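Numbered by this note's numbering, the letters in the sequence shown go through residues 100 to 244 in order.
Below is one structure, written out as structure tokens, with a few remarks after it.
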Amino acid sequence: IMADVSTCRRHINLAHKDAYHVWCKKKKFLSMLSDDVKARKCADALRQSSLNMHAVDHDNLPKAVRYSNAGFHRLCLEWGALTDQSIGAFEDPCFIAMIRMAAAAPDSSTVKLPNRAATRAGYLSMSSEYLRNLKSVLNISHFLV
Numbered sequence: 100i101m102a103d104v105s106t107c108r109r110h111i112n113l114a115h116k117d118a119y120h121v122w123c124k125k126k127k128f129l130s131m132l133s134d135d136v137k138a139r140k141c142a143d144a145l146r147q148s149s150l151n152m153h154a155v156d157h158d159n160l161p162k163a164v165r166y167s168n169a170g171f172h173r174l175c176l177e178w179g180a181l182t183d184q185s186i187g188a189f190e191d192p193c194f195i196a197m198i199r200m201a202a203a204a205p206d207s208s209t210v211k212l213p214n215r216a217a218t219r220a221g222y223l224s225m226s227s228e229y230l231r232n233l234k235s236v237l238n239i240s241h242f243l244v
């Protein structure tokens with residue numbers, strides 16, 4: 100039988116509060132007793148908010164990148180070397196289409212590159228679609244009479 104966590108917490112709050120606080124201090128653990136949680140919430144509500152949390156530090160914003168042929172060429176070479184691409188990767192029609200689509204974006208911040216999970220899901224979806232199309236092409240049952 101597993102005791103309910105809230106029941107254990109109430110028991111500790113009533114019978115072992117001081118020992119629990121000593122343990123929390125020793126282990127640098129945030130007390131989760133109901134009285135302590137209420138006290139923290141009350142203290143947070145009383146704390147006056149400031150604009151500092153909402154202000155934007157312009158020094159830490161990403162700098163706008165100016166386009167240059169030499170810079171783009173260098174980035175292409177670095178990407179190709181780091182990802183172990185073939186020499187002909189930049190001549191691939193899919194790569195060229197991807198670069199053209201990104202260049203046509205109204206703002207560079209609107210170009211979102213997929214993360215690993217989205218890339219994996221996309222590859223799986225594309226391979227499933229390819230196999231479905233292949234199955235329909237190879238399906239000869241409609242030729243049998």
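Where a beta carbon is used, it is the ideal one built from N, C-alpha and C, also for glycine.
All figures in this text were calculated on a predicted structure; none of them were measured in a lab.
*Do you know how far the Cα of Phe128 is from the Cα of Trp122?*
8 Å
*Bounding residues of the alpha helix (DSSP H) (the contiguous stretch that carries Asp134)*: Note, Asp134: alpha helix (DSSP H), Ser133 to Leu145.
*Please report the Cβ distance between Arg108 and Ser133, rounded to the nearest whole angstrom; I am assuming they are in contact, meaning their Cβ atoms lie under 8 Å.*
Beta-carbon to beta-carbon, Arg108 and Ser133 are separated by about 7 Å, close enough to satisfy the 8 Å threshold.
*Three-state secondary structure (DSSP) at Leu237?*
helix
*Between which two residues does the alpha helix (DSSP H) containing Phe189 stretch?*
It is not in any alpha helix (DSSP H) - Phe189 carries neither H nor E in the DSSP assignment.
*asked:* Tell me which residues share the same chain as Gly221 and place their Cβ nearer than 7 Å to its Cβ, disregarding the 5 neighbours each side in the sequence.
replied: Pro213
_Beta-carbon proximity of Val210 to Ala216, cut-off 8 Å_ = No Cβ-Cβ contact shorter than 8 Å links Val210 with Ala216.
*Under three-state DSSP, which class holds Lys124?*
helix
*Pull up the distance between the alpha-carbon of Ala163 and that of Asp183, whole angstroms please.*
A direct Cα-to-Cα measurement between Ala163 and Asp183 gives close to 28 Å.
*Spatial neighbours of Gly187 in its chain, beta-carbon cut-off 8 Å, leaving aside the 5 residues before and after*: For Gly187, same chain residues with a beta-carbon under 8 Å away, outside a window of 5 residues either side, do not exist.
*Top-ranked residue by Cα proximity to Cys175, from Lys137, Phe194 and Asp158*: Phe194
*Taking C-alpha atoms, which residue in Ala142, Ala180, Asp206 and Ser185 lies nearest to Leu165?*
Before going on, a small fix: residue 165 reads as Arg here, not Leu. Of the candidates Ala142, Ala180, Asp206 and Ser185, the one whose C-alpha sits nearest the C-alpha of Arg165 is Asp206.
*From which residue to which residue does the alpha helix (DSSP H) around Leu181 run?*
Counting along the chain, the alpha helix (DSSP H) containing Leu181 begins and ends at Asn168 to Leu181.
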